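Visitor: With this note's numbering applied, the sequence shown corresponds to residues 17 to 223, in that order. For glycine and all other residues, C-beta sits at the position ideal for the given N, C-alpha and C. Quick caveat, the model's predicted, so the values are computed rather than measured.
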Amino acid sequence: MRGHFIVLEGIDGSGLTTQAALTARWLEELNRRAVLVTKEPSDGPVGSLIRQALSKRLRDLGGAELALLFAADRLDHLAQQIRPALARGGDVVCDRYLWSSLAYQGLELTQEWLESVNAKAMAPDLTLFIRVDPEISLSRIEKSRLRTELFEQETTLQQVLRKFDGLVQRALARGENVAVIDGNQPVDRVAAAIRGELARFVPKPAE
């Protein structure tokens with residue numbers, strides 16, 4: 017049986033990486049099977065270029081150039097890691113996916129164009145949107161890193177958050193599996209809220 021493809025989304029400073037690891041650990045304990053924890057940008061060749069661009073170690077790229085890199089990385093990520101893991105019956109927990117492209121690159125590019133270049137992206141089985149206020153996210157970023165990345169300004173994050181909110185509303189209207197988690201809470205409470213959503217979505221295996 018094919019595994020579940022679960023995506024965590026949110027603005028920078030939402031604690032996605034921490035919660036992805038905690039989510040995977042809980043799923044492994046629940047289902048007693050392998051869980052792949054992965055992320056976007058991926059660790060593949062295109063993903064490494066994206067990380068250099070985001071950390072300002074690469075020359076400035078236009079919005080369309082960056083969006084196309086993300087789309088290419090996503091297809092490589094699906095082919096090399098996500099689809100094979102799901103086909104083996106394992107679950108996949110992904111730290112960022114398509115919504116991050118639509119929200120961040122959507123500040124400069126139309127959603128229609130972004131969706132067209134990502135047309136072959138596989139839909140997640142469940143999207144968990146960890147919603148954090150921008151001022152809280154920036155405070156976390158400043159405490160954890162020496163320098164900020166390309167999109168890490170409060171005004172920018174407010175705009176990105178509005179994009180994410182719109183994506184949530186549209187997905188819910190379409191009947192997609194989406195849950196909004198209050199990410200302003202401490203780590204353990206966010207993790208508990210995620211487990212509550214997963215318990216409703218992922219069936220517990222028979223003893």
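Give the range of the alpha helix (DSSP H) segment to which residue 189 is assigned.
Guide: Element bounds for residue 189: 170-189.
Visitor: What's the gap between the Cα of residue 186 and the Cα of residue 179?
Guide: Roughly 11 Å between the two C-alpha positions.
Visitor: Closest to residue 151 by C-alpha separation, out of 93, 216, 59, 30, would be which residue?
Guide: Minimum Cα distance to residue 151 is reached at 30.
Visitor: Rounded to whole angstroms, what's the CA-CA distance from residue 148 to residue 121? Just pull it up for me.
Guide: Taking the straight line joining both Cα atoms gives about 19 Å.
Visitor: Tell me which same chain residues have a C-beta within less than 6 Å of the C-beta of residue 115, skipping the five on either side of it?
Guide: Closer than 6 Å at Cβ, skipping near neighbours: 25, 183.
Visitor: Provide the residue span of the alpha helix (DSSP H) that contains residue 152, from first to last.
Guide: Start and end: 150-160.
Visitor: Which first and last residues belong to the alpha helix (DSSP H) in which residue 133 is found?
Guide: Here the alpha helix (DSSP H) through residue 133 covers 127-133.
Visitor: Determine, using beta-carbon pairs with one atom in the region 103-115 and one in the region 128-143, whether at least three such pairs fall under 8 Å.
Guide: Enough Cβ pairs lie closer than 8 Å, so yes.
Visitor: Starting from residue 81, trace the alpha helix (DSSP H) in both directions and tell me its first and last residue.
Guide: Where residue 81 is concerned, the enclosing alpha helix (DSSP H) stretches over 79-93.
Visitor: Pick helix, strand or coil for residue 195, following the three-state DSSP scheme.
Guide: Residue 195 falls in the strand class under three-state DSSP.
Visitor: For residue 83, tell me which candidate among 109, 96, 69, 53 has the shortest Cα-Cα distance.
Guide: The residue with the shortest Cα to Cα distance from residue 83 is 69.
Visitor: Helix or strand or just coil, what does DSSP make of residue 67?
Guide: If DSSP states are grouped into helix, strand and coil, residue 67 belongs with the helices.
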